[in-house]
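Numbering (the working numbering), first residue to last: 6 to 301.
This is the structure in structure tokens:
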């Protein structure tokens, strides 16, 4: 989900005609697992334990998401975009062709473009930019990204010995692979049928089956009896950028070099903020920049 205090997602949803699909967080409050017990903690402490820099006032407003999950936003954007779309195609290179660009596509084809927005992870964008002479692209290629694993697990409500109070818990113990768990069926409406619970565990990269590890640790923390009804594992390799010192200056230097080229912009989590709202702001800024450059 996204912070309810941030207006970007509801505003974009309204533009796309799915504003009524936005749902607010139901359950509030977070607990912490110390390795021996589960106890409530104050607002903002969970974010601190996870290394997330968010203002307490923003956290206090809760979160929002879409009734059918965040994928609704992508589907609505795809449906509303004008022109010809070429989806799920890999771009293997970018070459300047006079005042235009040629985008090489995996498999041997290519597209000519008047303008390009590189909505790539910083490490991928940096490599592309270096090939077209943007030397500061190296600083983007060196932005570190963290990997994580999420596991969704479904249970009957009567399998869970502890009450699922609040929105979930974080872990303050080195003995666990789980870093946090969201009570998805308590946090947002429509996530599980009556009499059932859906949990979403966040794990560090590990050896072995994440679903087995997640169930084993959740069974200890939440007194779960029996096996999950089902589980799904999602791998987020190099999914979260971690900005180093002087990151903003490096991004600004790259953009100064891009200003000397045919219309080309960068957008995404690797530059001006990693959250969904920050990515929307980044994408809008890139679009406005390209629009200005196209009428020069």
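Glycine included, C-beta positions come from ideal geometry on N, C-alpha and C.
This structure is a prediction, so every number in the text was calculated from the model and none was measured.
Runs of the beta strand (DSSP E) spanning 3 or more residues and lying entirely within the stretch 234–261 occur at 235–246, in chain order. A contact between stretches requires three or more CB pairs, one per stretch, nearer than 8 angstroms, and the stretch 147–166 meets this requirement with the stretch 205–224.
One thing to note: residue 237 has its Cβ no nearer than 7 angstroms to the Cβ of residue 164. By the Cβ criterion, the stretch 166–186 is not in contact with the stretch 102–122, since fewer than three pairs of Cβ atoms, one from each stretch, lie closer than 8 angstroms.
DSSP places residue 295 in the helix class (H, G or I) of the three-state scheme. Here the alpha carbons of residue 288 and residue 294 stand approximately 10 angstroms from one another.
For residue 185, the closest alpha carbon among the candidates 213, 145, 262 and 227 is that of 227. Following the DSSP letters along the chain, one finds residue 154 inside the beta strand (DSSP E) bounded by residues 150–161. Looking from the CA of residue 206, the closest CA among 198, 213, 218 and 86 belongs to 218. Spanning the alpha carbons of residue 133 and residue 168 requires a straight line of approximately 50 angstroms.
Each of 216, 107 and 150 was checked against the Cα of residue 244, and the nearest Cα belongs to 150. Fully contained in the stretch 94–128 is no alpha helix (DSSP H) run of length 4 or more. Going by C-alpha positions, residue 92 is about 42 angstroms away from residue 37.
Looking only at 233, 282 and 291, the smallest Cα-Cα distance to residue 68 is reached by 282. The Cβ atoms of residue 109 and residue 97 sit closer than 7 angstroms to each other.
By the CB criterion at 7 angstroms, residue 273 and residue 148 fall outside the cutoff. Taking a 10 Å sphere around the C-beta of residue 198, we find fewer than 16 other C-beta atoms and assign the residue as exposed. In this structure, residue 18 keeps its C-beta atom at 7 angstroms or more from the C-beta atom of residue 195.
With distances taken between CA atoms, residue 70 lies nearest to 190 out of 249, 290 and 190. Taken atom to atom, the span from the alpha-carbon of residue 127 to that of residue 141 is near 12 angstroms.
Residue pairing from DSSP leaves residue 131 without any beta-bridge partner. In the structure shown, the three-state DSSP call for residue 86 is coil.
For residue 135, same chain residues with a beta-carbon under 8 angstroms away, outside a window of 5 residues either side, are 142, 143 and 146 in chain order.
Minimum Cα-Cα distance from residue 211 among the listed residues 154, 95, 104 and 44 corresponds to 154. For residue 267, the closest C-alpha among the options 297, 10, 76 and 26 is that of 297. Nearest C-alpha to residue 233 among 248, 216, 24 and 239: 216.
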